[in-house]
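Structure first, then comments.
2 protein chains.
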Amino acid sequence: MDKEMNVSQEKYSCLRLENQLCFPLYACAKEVVRSYKPFLARLDLTYTQYITMMVLWERKQMNVKEIGECLYLDSGTLTPLLKKLEQKGFIRRHRSKEDERNLLISITPEGEALRDEAVAVPGEMKACMSLDPEDAASLYTLLYKFLDKCQERRNLDK
Amino acid sequence: MDKEMNVSQEKYSCLRLENQLCFPLYACAKEVVRSYKPFLARLDLTYTQYITMMVLWERKQMNVKEIGECLYLDSGTLTPLLKKLEQKGFIRRHRSKEDERNLLISITPEGEALRDEAVAVPGEMKACMSLDPEDAASLYTLLYKFLDKCQERRNLDK
DNA sequence: AGCGATTATATTGTATGCAATGAAATGGGT
DNA sequence: ACCCATTTCATTGCATACAATATAATCGCT
Numbered sequence: 003m004d005k006e007m008n009v010s011q012e013k014y015s016c017l018r019l020e021n022q023l024c025f026p027l028y029a030c031a032k033e034v035v036r037s038y039k040p041f042l043a044r045l046d047l048t049y050t051q052y053i054t055m056m057v058l059w060e061r062k063q064m065n066v067k068e069i070g071e072c073l074y075l076d077s078g079t080l081t082p083l084l085k086k087l088e089q090k091g092f093i094r095r096h097r098s099k100e101d102e103r104n105l106l107i108s109i110t111p112e113g114e115a116l117r118d119e120a121v122a123v124p125g126e127m128k129a130c131m132s133l134d135p136e137d138a139a140s141l142y143t144l145l146y147k148f149l150d151k152c153q154e155r156r157n158l159d160k
Numbered sequence: 003m004d005k006e007m008n009v010s011q012e013k014y015s016c017l018r019l020e021n022q023l024c025f026p027l028y029a030c031a032k033e034v035v036r037s038y039k040p041f042l043a044r045l046d047l048t049y050t051q052y053i054t055m056m057v058l059w060e061r062k063q064m065n066v067k068e069i070g071e072c073l074y075l076d077s078g079t080l081t082p083l084l085k086k087l088e089q090k091g092f093i094r095r096h097r098s099k100e101d102e103r104n105l106l107i108s109i110t111p112e113g114e115a116l117r118d119e120a121v122a123v124p125g126e127m128k129a130c131m132s133l134d135p136e137d138a139a140s141l142y143t144l145l146y147k148f149l150d151k152c153q154e155r156r157n158l159d160k
């Protein structure tokens with residue numbers, strides 16, 4: 003009986019939450035986004051809006067497709083999000099004159115000003131997370147390695 | 003002029019996407035959930051429904067709060083999700099007689115049968131991800147270390 | 001027994017995410 | 001110039017997530 007139990011447990015052991023890599027990844031990502039909330043609330047931004055602003059602060063002018071490639075998001079997510087950022091006055095949306103299909107996104111002075119408030123956020127988050135710097139570095143390397151593999155796989159599918 | 007540019011870049015460097023740990027974490031988690039989709043579609047499960055079934059396959063009988071603690075989810079997410087799993091016939095929802103506040107969730111024979119189909123999924127995913135086993139192990143360790151820190155922090159807030 | 005505090009779910013509102021589809025603009029080949 | 005394939009964005013439908021609030025049941029204290 004005991005032996006049967008063991009055999010039976012073996013059979014399903016791969017389905018245990020603690021034997022999966024995907025679960026801590028999923029849970030960590032949620033926890034991080036949740037932890038950002040109080041800091042981003044001061045800027046009137048959600049996490050996704052925040053990372054969208056981050057790429058725009060760097061590039062100043064991008065179309066929706068380019069933003070989506072940076073953030074791994076599609077138009078179904080970005081279209082309403084960008085409209086919201088426009089409502090808040092942080093960005094402008096306007097069609098390209100050379101190619102009317104392109105919706106160009108650019109930062110407003112208000113959006114640029116927000117950047118000065120946002121610089122405090124990464125430091126506050128780091129302090130709040132209190133993650134060992136070496137661990138953070140390893141995690142960073144491993145996650146990007148993983149992400150590159152995903153990218154490759156996606157390109158193959160095309 | 004060049005010097006000013008460098009100074010100006012320095013000021014905002016912490017806001018660059020590639021200098022953040024949160025972003026690859028967020029992106030990886032999304033990619034993994036997306037990668038699960040084709041395999042889980044065969045079982046008529048979404049990713050969240052899948053991990054919910056995983057804890058139930060182990061514990062057989064749990065209330066909503068316990069499931070939420072395992073998965074870091076609250077009733078706002080779980081209530082509709084559990085109703086859907088009930089509709090699909092994989093679980094039963096019934097109030098505890100000792101304490102009517104508790105909604106007990108248990109697996110149906112159909113839900114139990116699904117487990118035999120699900121055992122194939124982790125292997126298929128592993129093959130699909132093609133992640134170096136050592137990297138997977140490091141990632142696992144680091145993510146749980148991180149998750150434990152989050153857990154601690156949450157407990158402090160109470 | 002009575003009642004205020006606590007606990008467990010449910011509900012509501014807001015914001016993602018993504019697949020699938022639609023619509024408009026552009027490009028390429030004839 | 002014309003037509004068809006491609007590209008870019010928008011829309012729709014479905015499924016999460018989570019904060020805030022509501023509701024019902026139970027507990028603790030007197």
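Protein sequences, first through last, are from chains P and W.
Each residue of the first sequence is one higher than the one before, counting from 3 in the working numbering.
Each residue of the second sequence is one higher than the one before, counting from 3 in the working numbering.
Each residue gets a CB set at the ideal place from its N, CA and C atoms; glycine is no exception.
- Taking 8 angstroms as the threshold, the shortest C-beta distance from GLN51/W to chain P does not fall below it.
- Of all residues in the segment 23-40 of chain W, those with a C-beta nearer than 9 angstroms to a C-beta of chain P are LEU23, CYS24, PHE25, PRO26, LEU27, TYR28, ALA29, CYS30, ALA31, LYS32, GLU33, VAL34, VAL35, ARG36, SER37, TYR38, reading in chain order.
- Judged by DSSP secondary structure, GLN89/W falls within the alpha helix (DSSP H) whose first and last residues are 77-89.
- By DSSP's assignment, GLN63/P forms a beta bridge with SER108/P.
- With contacts defined by Cβ atoms closer than 8 angstroms, LEU27/W and ILE53/W do not form a contacting pair.
- Residue state for ARG44/P is assigned as coil, using DSSP reduced to three classes.
- If you keep only unbroken beta strand (DSSP E) runs of at least 3 residues inside the segment 120-154 of chain P, you get nothing at all.
- Here ARG36/W carries a helix assignment [DSSP, helix/strand/coil].
- Secondary structure at ARG94/P: strand, using DSSP grouped into helix, strand and coil.
- Any Cβ of chain P closer than 8 angstroms to the Cβ of MET56/W would place that residue at the interface, and such an atom is present.
- In the three-state reduction of the DSSP assignment, TYR28/W falls in the helix class.
- In this structure, VAL123/P lies near LEU42/P, with their beta-carbon atoms less than 8 angstroms apart.
- Against chain W, the beta carbon of LYS13/P has neighbours under 8 angstroms at VAL121, listed in chain order.
- DSSP, reduced to helix, strand and coil, places LEU23/W outside both helices and strands of the structure shown, so it counts as coil.
- Not a single CB atom of chain W sits nearer than 8 angstroms to the CB of LYS90/P.
- Residue environment: ALA31/W is assigned as buried (16 or more neighbouring CB atoms within 10 Å of its CB, all protein chains considered).
- Residue state for TYR74/W is assigned as coil, using DSSP reduced to three classes.
- In its chain, beyond the 5 residues on either side, ARG117 have a beta carbon closer than 6 angstroms to the beta carbon of TRP59/W.
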